[in-house]
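Here is the structure we will look at, set down as C-alpha cells.
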C-alpha cells in the first residue's frame, strides 16, 4: 500500500543523506513500507566518498515512521583514514597520522512542503 499525503494534510519532505553502503537496504525498506523515494547520487566533502541522497515525501503523521526506517538501515561505523595533504600537489614531505572517524548514519532534513504536484 502506497503512503501518500491526503489533500489538506501537512506534507513534509524528508531529505536523507546516507552512505552508499546503506542505500540499497534503505530503499528496499522504504518501498516495502509503502513510501516512495527519489534517490540521487551525491558526494561528501570531507572524505570525498559517495553518498546517496533520498527525497521522501510524507504527511506529518508518517514522518516518524520514515525516520525509524532510516535509523534501522543507516548505522554509523568507524573508519581509519589518512588525511589528505592540505595542498593536493605538495605531497613531498607531508605526513599525517591516520585518524579514526565516524561514517555512515544519516543526515536528515525535514522540510515543510508548501505545494506538491504530480504531473
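Residue numbers (my numbering): 7 to 125.
Don't be surprised by glycine CBs; every beta carbon is placed ideally from N, CA and C.
Keep in mind the model is a prediction, meaning the values are calculated, not measured.
| Asked | Found |
| --- | --- |
| Nonlocal neighbours in the same chain, by C-beta distance under 6 Å from residue 29, ignoring five residues either side | 58 |
| C-alpha distance - residue 65 paired with residue 87, whole-angstrom precision | 40 Å |
| Bridge partners - residue 25, DSSP secondary structure assignment | 57 |
| Which of helix, strand or coil DSSP assigns to residue 72 | helix |
| Inter-residue CB distance, residue 17 and residue 119 (contact presumed, cutoff 8 Å) | 4 Å |
| Under the three-state DSSP convention, the category residue 88 falls into | coil |
| Buried versus exposed call for residue 122 [16 or more other C-beta atoms within 10 Å across all chains shown] | exposed |
| Cβ-based burial, residue 60 [other Cβ within 10 Å; buried from 16] | buried |
| Proximity to residue 32 [Cα-Cα], best of 84, 106, 72, 103 | 72 |
| Contact under 8 Å by Cβ, residue 75 with residue 48 | no |
| Three-state secondary structure assigned by DSSP to residue 106 | strand |
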